[in-house]
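Enquirer:
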Amino acid sequence: MPFQRAGAHSTREWMKIEREIAEKIGTSRTSIYRWKAQLGLTKNRRYSDEEKRKIMAKYYQMKRENPRIMMKTMCKKLNISMATLYRWIEIGEGQQKPEKATGEMKHQKFNNLNNYEKTFGANGNGQNVWAWNFATGRRQRKTKLASLY
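For the record, in the sequence shown the residue sitting at position 105 is 97 according to my numbering, with numbers rising by one throughout.
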């Protein structure tokens, strides 16, 4: 499909492309925009649970074959953004348990991250330590995820 976004262009570049197409077929850019909306060509990609499972299975396979591969490279091969991959890893959505490679389960710690409890204060009052700075907690979880691999 010629109008489908591949994520390689910015909004301005897409507007320019739409103008060029509109000039070639003799209509306005807004008509092109409406046609795209009617055909269901949205800019946000939604993944079904099955698609997520397949992508995560490919991710685990690539990680097993080459543990030192960069996340950026894997994301390009999987055709998803790094933010999406990190979110799926952190939340565990679309997760499929990896097969045992050499009698041990490399991702056993990762599978337990779904039960990851947030850090609470030492005084036991149940206040979330990270409430004042969510970014610190997220950074710590990413570091913990990175150390698993």
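Every residue, glycine too, gets a C-beta built ideally from N, C-alpha and C.
Bear in mind the structure is a predicted one, so any value in this text is a computation, not a measurement.
(1) Three-state secondary structure (DSSP) at I17?
(2) Tell me, please, whether the stretch 11 to 29 touches the stretch 37 to 50 by the rule of three or more beta-carbon pairs shorter than 8 Å.
(3) Which residue wins for smallest C-alpha separation from E25, given the options R38, Y39, E10?
(4) Given a cut-off of 8 Å on the beta-carbon distance, is the pair Y78 and K136 in contact?
(5) With burial defined as no fewer than 16 other Cβ atoms inside 10 Å of the residue's Cβ, what is the status of G86: buried or exposed?
(6) Output yes or no for whether 8 Å exceeds the beta carbon distance between M63 and M74.
(7) How would you call I61, buried or exposed, if buried means at least 16 neighbouring beta carbons within 10 angstroms?
(8) Residues in its own chain within less than 8 Å of A14 by CB, not counting five upstream and five downstream?
(9) Quick check: what's the CA-CA separation for K98 versus I81?
(10) Taking the alpha-carbon positions, what's the W6 to E12 distance?
(11) Tell me whether M62 sits in a helix, a strand or coil according to DSSP, three-state version.
(12) Indicate the three-state DSSP secondary structure (helix, strand or coil) for I83 in the structure shown.
Expert: On the basis of the data shown:
(1) Three-state result, I17: helix.
(2) no
(3) With the sequence shown as reference, residue 25 is identified as Tyr, and Glu is not the correct amino acid for it. For Y25, the nearest C-alpha among the options comes from E10.
(4) In this structure, K136 does not lie closer than 8 Å to Y78 by Cβ.
(5) Legend: pLDDT at G86 = 42, less than 50; position of this residue unreliable, value from coordinates given subsequently. Counting Cβ neighbours within 10 Å, G86 comes out buried, since at least 16 surround it.
(6) yes
(7) exposed
(8) S20, R21, S23, I24
(9) Caution applies to K98, whose pLDDT of 49 falls short of 50 and renders its modelled position unreliable; the value that the coordinates give is listed next. C-alpha separation (whole angstroms): 15 Å.
(10) Distance between the alpha carbons of W6 and E12: 10 Å.
(11) coil
(12) Helix, per DSSP.
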